[in-house]
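Colleague:
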Amino acid sequence: MEPAAELKCDNCATPTPKPFRCGAKWLCQHCKEMWDRLSTVVLAPNVQPPPKPSKGPPVWDLVQFDMLARDKMGASKYGVRLQPFNGRDALRDAYEESLDLCVYLRQAIFERDGK
Ligand SMILES: [Zn+2]
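Using numbering that gives the first Met the number 0, the letters of the sequence shown map in sequence onto residues 0 to 114.
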């Protein structure tokens with residue numbers, strides 16, 4: 000006789016003997032409580048068609064242009080271009096920048112979609 004498959008929360012993967020059905024997912028107690036508070040404003044599943052050609056510029060080109068501008072701005076602001084072993088904790092800086100990125104992205108989605 001095989002052991003029963005371990006049930007895990009669909010949102011956070013925490014082992015959950017008795018998950019709660021919330022929408023299309025099975026959630027642990029913690030995620031269920033978040034779902035109960037936020038279910039009216041959570042994002043719908045990301046179901047999109049593949050990208051198609053358009054008349055817009057390649058986004059990678061836009062990003063490269065912006066990166067060059069940031070490099071020049073940083074060099075002007077700090078008097079030196081970003082280099083390794085500069086006395087900063089790059090992981091910490093990147094982590095904190097990514098926290099800001101996430102909230103700005105979520106703000107923009109909420110402002111665009113109203114949820
Ligand atoms: Zn969970």
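A virtual CB, placed ideally from N, CA and C, is assigned to each residue, including glycine.
Rounded to whole angstroms, what is the Cα-Cα separation between GLY55 and TYR94?
Modeller: 31 Å
Colleague: When you compare only the Cα positions, how much space is there between ASP60 and VAL102?
Modeller: 25 Å
Colleague: Could you tell me if the beta carbon of LEU37 falls within a distance shorter than 8 Å of some heavy atom in ligand 3?
Modeller: This structure lacks ligand 3; the ligands present are ligand 1.
Colleague: Between LEU6 and ligand 1, is there a pair consisting of the residue's CB and a ligand heavy atom that are separated by less than 8 Å?
Modeller: no
Colleague: Starting from the Cα of ILE108, find the closest Cα among VAL40, ALA4, CYS27, CYS30 and give me that residue.
Modeller: VAL40
Colleague: Indicate whether LEU6 and PRO18 have their beta-carbon atoms separated by less than 9 Å.
Modeller: yes
Colleague: Rounded to whole angstroms, what is the Cα-Cα separation between CYS30 and PRO16?
Modeller: 14 Å
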